[in-house]
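Student: Under our numbering, the final residue of the sequence shown carries the number 364; numbering is consecutive throughout.
Where is the CB? At the ideal position from N, CA and C, for every residue including glycine.
Mind having a look at this structure? Questions to follow.
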Amino acid sequence: MEFTCKSATDRTYRVHFEWGILNQLKSILDQENIPGPFYVISDRNVFRHQGRRLEEALRGAPFHHFLAPPGETSKDLKYWKRIQDFLLKKGADRRSAVIAFGGGVIGDLAGFAASTYMRGLDLIQIPTTLLSQSDSSIGAKVAVNHPKAKNLIGSFYQPRIVITDPALLESLPPREFSAGLGEAIKYGVISDPELFELLHANVEKILSYDREMLGSLIARCIAIKIQVVEEDERESGLRKILNFGHTIGHALEQATRYKVLRHGEAVAWGMLAAGWIAIRRNMWDSGEFEKLKSILVRSKSMVPFGDLKRTDILNALKHDKKKAGKKLSFVLPERTGKVTIVKDISQEEIETGLDYILRFRN
Ligand code: NAD
């Protein structure tokens with residue numbers, strides 16, 4: 003299956019999606035006229051499990067590789083600088099291509115490094131987590147974190163191609179798989195009632211790596227993400243709906259210093275809180291909210307977040323508010339498949355949402 007993601011600039015790209023598609027990497031690179039040399043950026047886990055597969059897929063094409071430590075702490079200017087040094091030392095020039103081979107952390111880090119080295123090298127995204135296959139490898143946002151704010155230093159930089167092979171998920175640890183599912187559930191609520199139903203009926207099948215269900219989930223998420231980012235590439239309007247669950251999700255990540263929750267887990271809690279705020283506003287159907295809760299619980303993405311108190315999360319939210327320089331906005335469901343951006347959420351409503359997840363945590 004092939005998707006095309008159109009860009010307002012001349013940087014339209016294709017997403018090649020299929021079980022085992024990685025084996026065709028070399029011929030796709032040839033067809034797309036990307037001869038290399040190749041500079042693979044990955045992390046140690048990914049490369050240990052899947053590096054051999056990538057090497058075979060490159061069919062002897064020479065490549066250099068740089069491995070970052072796994073985890074969010076690598077999405078940092080320190081590693082961005084090390085990648086620039088690595089590219090320079092290994093002789094990368096404007097004809098070179100960077101291959102981002104990993105999850106969302108590597109996609110964002112390597113993407114940002116590729117966007118800045120010599121004002122931009124070709125970027126090939128090969129996502130290896132459920133989160134990156136269904137979400138982060140598409141849409142051209144690349145970034146590293148600042149100690150005070152996530153994704154603060156970054157740019158919009160379209161890849162030349164995305165190669166999405168669900169076979170790479172075979173080695174993904176169950177917790178990472180569930181975290182990715184947390185983020186993917188978002189697509190059902192914001193845009194696709196059928197996907198929401200499919201998830202409600204089949205979460206367990208997806209967790210057990212049922213090919214048909216998993217393939218259908220990833221394909222639907224890719225299609226929705228493309229549709230949204232094509233309409234609003236630089237997040238001036240519609241693209242904000244992708245932030246469903248992210249206002250409180252980011253606050254939870256920040257309040258736990260990125261050490262307790264995976265991104266998709268924080269988003270799962272954030273969606274539950276936002277869903278509850280929508281219920282209290284009489285915006286959404288309570289039966290649908292219960293379904294969301296059931297999907298989230300069964301997806302195993304609602305990992306406990308320790309003994310955080312309401313004030314800890316509120317303080318993190320205040321920080322977010324300062325960053326935005328205005329009132330916090332929340333993405334809330336009006337009906338399943340349709341969300342709206344709400345800017346007049348009161349402190350009391352936020353507290354109600356937080357109390358709901360704090361009660362639920364116990
Ligand atoms: P991740 O990249 O940290 O990967 C999770 C873990 O799984 C890591 O330990 C990694 O080593 C391991 N791993 C990855 N693939 C594996 C495989 N195939 N086999 C074995 N182990 C494997 O995390 P993630 O959840 O993929 O991404 C989270 C990041 O994505 C966050 O930084 C978030 O901000 C970002 N994100 C970006 C966008 C965007 O549009 N750019 C969208 C959503 C999220």
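For F291 and W278, I'd like the C-alpha separation in whole angstroms.
Tutor: Roughly 7 Å separates the two Cα atoms.
Student: For K242, is the beta carbon positioned less than 8 Å from some heavy atom of the ligand NAD?
Tutor: No, since every heavy atom of the ligand NAD falls outside the 8 Å radius drawn around the Cβ of K242.
Student: Quick one: residues in its chain with C-beta nearer than 6 Å to the C-beta of V333, no 5 flanking neighbours on either side, listed in chain order?
Tutor: Cβ within range, chain order: I243, N245, F246, V341 and I343.
Student: Taking 8 Å as the cut-off, does the CB of S210 come closer than this to any heavy atom belonging to the ligand NAD?
Tutor: No - the ligand NAD has no heavy atom lying nearer than 8 Å to the Cβ of S210.
Student: According to DSSP, is L123 part of a helix, a strand, or is it coil?
Tutor: L123: coil per DSSP, three-state reduction.
Student: Looking only at its chain, what residues have a beta carbon closer than 7 Å to the beta carbon of Y119, apart from the 5 residues adjacent to it on each side?
Tutor: The answer, listed in chain order, is Q86, L89 and A94.
Student: Are any of the Cβ atoms in chain B nearer than 9 Å to that of S76?
Tutor: Judged by its chain identifiers, the structure shown contains no chain B, having just a single protein chain.
Student: Pick helix, strand or coil for A99, following the three-state DSSP scheme.
Tutor: In this structure, A99 counts as strand in the three-state DSSP scheme.
Student: Which one of D110, G122, L60 and A102 has the shortest CA to CA distance from K152?
Tutor: Checking every option, the nearest Cα to that of K152 belongs to D110.
Student: Taking DSSP's pairing of strands, which residues face A70 in a bridge?
Tutor: Partner(s): D45.
Student: I need the boundaries of the alpha helix (DSSP H) containing I85, first residue and last residue.
Tutor: Looking at the DSSP string, the run of the alpha helix (DSSP H) that includes I85 is L79 to K91.
Student: Per DSSP, R16 is paired with what?
Tutor: T6 and I163.
Student: Using a 10 Å radius around the Cβ and a threshold of 16 neighbouring Cβ atoms, would you call K188 buried or exposed?
Tutor: K188 is buried by the Cβ-count criterion.
Student: Taking only three categories from DSSP, how would you classify G38?
Tutor: G38: coil per DSSP, three-state reduction.
Student: Look at the alpha carbon of L356 and the alpha carbon of T249, and state the distance between them as a whole number of angstroms.
Tutor: Spanning the two alpha carbons is a distance of roughly 11 Å.
Student: Is DSSP giving V230 helix, strand or coil here?
Tutor: V230: helix per DSSP, three-state reduction.
Student: To the nearest angstrom, report how far apart R264 and I108 are at their CA atoms.
Tutor: Taking the straight line from one Cα to the other gives about 15 Å.
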